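First residue of the sequence shown: -4, per this note's numbering; consecutive thereafter.
Take a look at the structure set out below.
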Amino acid sequence: MNLIKVKVVVILSSLSFLCQSQTNLHFAKINDFYSLINAEIFEQKLFTFNAGKFKFTSLIVETENKSDAEIKIFYKSKIGIETYVTSKIDYNENVDISTYCSKLNVFEEEQSIVKIDFGNFKGKVKIILLYAPKTEIELKNKFYKFSNPCNKPPMISYTEWRKGLPNPKPPRVKTKIEHLVIHHSAGSNNDTDYLNTIRNIYLLHTQSNGWDDIGYNFLIAPDGTIFNGRDPLGAGDDDDILGAHFCSKNQNTMGICLMGNFMTKKPDYRAIYSLKYLLAWKLKKDKLDAFGQTKHPQPDGNMLDNICGHRNGCSTSCPGDSLYLILNNIKFESARIADSCGLKLDFIEPKIVSFVSVFPNPATDKIYFVLKTEKVVILKVLKSNGSLVLHEKIYTEKPLEINLEKGIYFYQLISENKIIEKSKFMIF
């Protein structure tokens, strides 16, 4: 791969180009989709660089050190007005080396001028420019409502959204899925060209990060459109392909990324709808227990929820506070859908003696719990939407009688801060 390095001569104008002593800035075109600028910021001035014929559709800033400085990235909008987005330099949670970066800023229109206000940041920077040429595909009937909710949801194939971009690299590795890991892209919530967004994420992963393909198995746009992520290249089904999304612990995981930043804002209801049905389909297909836990990584790792957030296994805020807050509700709803589609769990672990009798099950109004152990046990009962309806100790001396409305419920027995038994019951 040849680097085309261009020595930049600084010309002072009303928009100062770094500072007068700046002489070590280089622009490099790696290929038609990926260029970069290496520079060192000495003082607080507006950084401006005209890339000329080298267009870009997204930009990310990498640094060697973390900074509290808020940077402003200027760009021309779709209607030709200059505006800007703000970003902070934070730990790069998407690669396995110690780097810091801004978020990936995806633009509606092609850009040619890099203009960044670095605030009080000083130090070396690498500005990565990615170019995803426009392409058009038909999105009709690919949205969040499905004709058969028990089947694999309709989605945009990688062969469609990847048109005109470099092909992913072989080989592929098939993995047995035990954990469904939820992410957010941490990008802008104002993006509406989701095809453009996924194409730029793909270039970030493959060209800048150097990965063989996009890291996620599936991506979900705010309008509920689902995109196939990793191309299996004939190695198996797309949902069973080893990804690159879980801090080098990707074995036995399937990654789902919701486009947007959900630290303070909840995802669109259409995206949540698609996520629930995608999870339910995978739960049923692989006979996974939505409420179960499995060691990760195998065989000696810690216990990890079968449906979990990125932050449950890695040092990150992903998938964002607002999405993580409703993850339990999403889990319960996905389990309900999978159950309605005929999910039958095969328990392959050694059978243990139940600690509690639950009768009658199903019941018409009252249901009884009778403890069969001397352990100190807390009973938790939850609705199918994940909301807690009961949390109290139960004893061996007498049955616990509960009156509930009609519906599907789940219970957990907790002893010494560990779940020792869990199952479901029904009131009809």
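Ideal Cβ positions, reconstructed from N, Cα and C, are used throughout, including at glycine.
Quick caveat: nothing in here was measured; it's all calculated off a predicted structure.
Cutting at 6 Å between CB atoms, please list the residues of its own chain near residue i, excluding the five before and the five after it.
i: L283; result: N301
i: N223; result: M150, S152, Y153, D233
i: I177; result: I251, G304, P314
i: H200; result: W206, I209, G210
i: A432; result: Here the chain comprises residues numbered -4 to 423, so residue 432 is not present and cannot be evaluated.
Can you say whether residue i is buried or exposed, counting buried as having 16 or more other CB atoms within 10 angstroms of its CB?
i: G337; result: exposed
i: I325; result: buried
i: E133; result: exposed
i: K388; result: exposed
i: Q202; result: buried
i: H21; result: exposed
i: F420; result: buried
i: Y390; result: exposed
i: G75; result: exposed
i: L(-2); result: Because the pLDDT of L(-2) is 38, which lies under 50, any placement of that residue in the model is unreliable, and the number read from its coordinates should be weighed accordingly. L(-2) is exposed by the Cβ-count criterion.
i: H72; result: According to the sequence as given, residue 72 is Ser; it is not His. Per the 10 Å Cβ criterion, exposed.
i: N45; result: exposed
i: F51; result: buried
i: L320; result: exposed
i: V101; result: buried
i: F423; result: exposed
i: K98; result: buried
i: K24; result: buried
i: S349; result: exposed
i: E57; result: buried
i: E59; result: exposed
i: V372; result: buried
Using the C-alpha atoms, what's the distance from residue j back to residue i?
i: V351; j: T187; result: 51 Å
i: K61; j: Y363; result: 56 Å
i: I415; j: P217; result: 38 Å
i: K213; j: K361; result: Residue identity differs from the one stated: residue 213 is Phe in this sequence, not Lys. Distance between the alpha carbons of F213 and K361 is about 43 Å.
i: N195; j: E103; result: 11 Å
i: H305; j: F354; result: 38 Å
i: Y70; j: I108; result: 8 Å
i: D27; j: L160; result: 10 Å
i: L322; j: D263; result: 14 Å
i: K158; j: D208; result: 14 Å
i: L228; j: A239; result: 16 Å
i: E396; j: E369; result: 19 Å
i: H386; j: K279; result: 29 Å
i: F116; j: A333; result: 50 Å
i: A181; j: Y86; result: 13 Å
i: Y29; j: K417; result: 51 Å
i: G381; j: R225; result: 31 Å
i: N256; j: S317; result: 9 Å
i: L374; j: K413; result: 12 Å
i: P144; j: K261; result: 23 Å
i: N184; j: T259; result: 11 Å
i: N136; j: L253; result: Caution is warranted here: a pLDDT of 49 is assigned to N136, below 50, making its placement in the model unreliable, and the coordinate value is therefore given only provisionally. Their Cα atoms are separated by approximately 19 Å.
i: I367; j: S335; result: One point to set straight first is that residue 367 is Lys, not Ile, in the sequence displayed. Distance between the alpha carbons of K367 and S335: 31 Å.
i: I409; j: H179; result: 31 Å
i: K169; j: K401; result: 42 Å
i: K67; j: I221; result: 31 Å
Leaving out five residues before and five after residue i in sequence, what residues of the same chain have Cβ atoms less than 8 Å from its Cβ?
i: L299; result: H174, Q288, T289, K290, H291, N307, G308
i: V384; result: V376, L377, K378, L399, Y404
i: E65; result: T81, S82, K83, G114
i: K244; result: H291, P292, G296, G308, C309
i: E155; result: I132
i: I172; result: D234, D235, N247, T248, M249, K277, D281, L283
Helix, strand or coil: how does DSSP classify residue i here?
i: L320; result: helix
i: Q202; result: helix
i: L(-2); result: Any reading at L(-2) must be qualified, since the residue scores a pLDDT of 38, below 50, and its modelled position is unreliable; no value is offered.
i: K147; result: coil
i: N191; result: helix
i: N33; result: strand
i: T289; result: strand
i: N307; result: helix
i: E328; result: helix
i: A333; result: helix
i: I76; result: coil
i: L385; result: strand
i: F342; result: Residue placement at F342 cannot be trusted, given a pLDDT of 40 that sits under 50; the coordinates are not used to answer.
i: T52; result: strand
Going by beta carbon distance, what residues of the same chain come within less than 7 Å of residue i, once the five residues before and after it are set aside?
i: V141; result: Checking the sequence shown, residue 141 turns out to be Phe, not Val. P148, P149, Y272, listed in sequence order.
i: G47; result: S107
i: P394; result: Y363, F364, V365
Stretch pair the region 143 to 153 + the region 61 to 81: three plus CB contacts closer than 8 Å: no
Contact the region 389 to 409 vs the region 258 to 274: 3+ CB pairs below 8 Å: no
Contact between the region 114 to 126 and the region 151 to 171 (3+ Cβ pairs under 8 Å): Short answer: they don't touch.
Validate contact between the region 186 to 200 and the region 258 to 270 using beta carbons, cut 8 Å, 3 pairs: They do not touch, by the three-pair rule.
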